[in-house]
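Enquirer: Residue numbers (the numbering used here), protein chains in the order written: chain E, -7 to 129; chain S, -7 to 129. Ideal placement from N, C-alpha and C gives every residue a C-beta, glycine not left out. Got a structure for you, written out below as structure tokens; questions coming shortly.
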DNA sequence: TCCTACAATGGACAATGTCTAAGTCAAGCA
DNA sequence: TGCTTGACTTAGACATTGTCCATTGTAGGA
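Structure (structure tokens):
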């Protein structure tokens, strides 16, 4: 059921109730919660979990590459558990809804060597912005 | 000299010393300052300028499309006055340096209709991440 | 079962951004 | 030039998001 928990255990993570809860909250596709939302949902399952623990746990998951940090809006970072399939994000500027999308081609290829200024490039982040059908009424 | 100021005046902006200073701070290419950095430089030219004014002024410039908000790192937003030429950003993960780059092709084209979920898409934001020559030693 | 290192807690602190009430001033007009 | 007016600025309180640290708790191995 929980691939995420299994992978974490395999990496020698000590399994605590808190970490389990955070991982559970993040399950599923198209999940893009802020740290605060994760905390709120975690508290619902485990009332005494602290904010610092949620931040720590999310931070560790990001370091391990199990979760991706997304900065789609100006406010808080969001956390995306769909880390094992490369994808980009489609954001509604009105309601803030976020969808995972999978463009064709490799966006890295669009950047010619002459525009790389000697950088060793490891990653591209693409965010499409627009208005979703609901908000477009 | 200051195109930005001229354009703002044309749009009926009341020209104040504070707004002039903020616009001056933002002049030039490859300028990507945080609001706080803008404030610090503005204070150097006009000591009594307040933080709120800098935030207001930057916000208004963004609304007018004269300046772009960039969220390349997790911390503060940055402000990019190079709004009239479409471009993307190349960020060094170590030192945080940011460069404007101009990829070939239109990144919008990479997203097939089937992946648009009915959204009306107006904008794409692309951030390349890597390590700059200086930090790569 | 007991130990110990790792994890969680909670609260202070830091950084960034927003709001408001009151004062100030740019720009149009007589 | 000197008013008038409403837009602009100010200072600082407040809100939100994230980080740190000393203390307490506990998972998992011996």
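Looking only at C-alpha atoms, which of S/10, S/48, S/12 and S/78 sits nearest to residue 92 of chain S?
Expert: Start at 1 with the first residue of the second chain, and residue 92 of chain S comes out as number 100. Residue S/78 is the option with its Cα nearest to residue 92 of chain S.
Enquirer: Suppose contacts are defined by Cβ-Cβ distances below 8 angstroms. Is residue 123 of chain S in contact with residue 80 of chain S by that definition?
Expert: The residue labelled residue 123 of chain S in the question sits at position 131 within the second chain. The residue labelled residue 80 of chain S in the question sits at position 88 within the second chain. In terms of Cβ geometry, residue 123 of chain S and residue 80 of chain S do not form a close pair [threshold 8 angstroms].
Enquirer: Quick check on DSSP: helix, strand or coil for residue 106 of chain S?
Expert: Here the question's residue 106 of chain S lines up with position 114 in the second chain. Here residue 106 of chain S carries a helix assignment [DSSP, helix/strand/coil].
Enquirer: Measuring straight from C-alpha to C-alpha, what distance separates residue 47 of chain S and residue 27 of chain S?
Expert: Counting from one through the second chain, the residue named residue 47 of chain S turns up at place 55. Counting from one through the second chain, the residue named residue 27 of chain S turns up at place 35. Using only the alpha carbons, I get a separation of about 7 angstroms.
Enquirer: What do you get for residue 36 of chain E, buried or exposed, if any count of 16 or more other CB atoms within 10 angstroms of its CB means buried?
Expert: Taking the first chain and counting its residues from 1, one reaches residue 36 of chain E at position 44. Counting Cβ neighbours within 10 Å, residue 36 of chain E comes out exposed, since fewer than 16 surround it.
Enquirer: Counting only C-beta atoms, is residue 128 of chain E closer than 8 angstroms to chain S at any point?
Expert: For this step, residue 128 of chain E is matched to residue 136 along the first chain. Interface residue, yes.
Enquirer: Which ranges does the alpha helix (DSSP H) cover as unbroken runs of at least 4 residues, wholly within the segment 13 to 72 of chain E, from first to last along the chain?
Expert: 27 to 37 and 43 to 55
Enquirer: Is the CB of residue 87 of chain E under 8 angstroms away from at least one CB in chain S?
Expert: Translated into the one-based positions of the first chain, residue 87 of chain E becomes position 95. Answer no: the Cβ-Cβ gap between residue 87 of chain E and chain S never drops below 8 angstroms.
Enquirer: Can you list, in chain order, the residues of its chain whose CB lies under 7 angstroms from that of residue 127 of chain S, leaving out five sequence neighbours each side?
Expert: As a first step, residue 127 of chain S is located in the second chain; it is residue number 135 there, counting from the start. The residues are 84, 86 and 87.
Enquirer: Following the continuous alpha helix (DSSP H) through residue 82 of chain S, name the residue where it begins and the one where it ends.
Expert: To locate residue 82 of chain S, count along the second chain from 1; it is residue 90. Counting along the chain, residue 82 of chain S falls outside any alpha helix (DSSP H), though it belongs to the beta strand (DSSP E) covering 80 to 84.
Enquirer: Quick check on the burial criterion: 16 or more other C-beta atoms within 10 angstroms. Buried or exposed for residue 64 of chain S?
Expert: Your numbering for residue 64 of chain S matches position 72 in the second chain. When all chains shown are included, residue 64 of chain S counts as buried.
Enquirer: Could you tell me the alpha carbon to alpha carbon distance between residue 38 of chain S and residue 1 of chain S, rounded to whole angstroms?
Expert: As a first step, residue 38 of chain S is located in the second chain; it is residue number 46 there, counting from the start. As a first step, residue 1 of chain S is located in the second chain; it is residue number 9 there, counting from the start. Roughly 20 angstroms separates the two Cα atoms.
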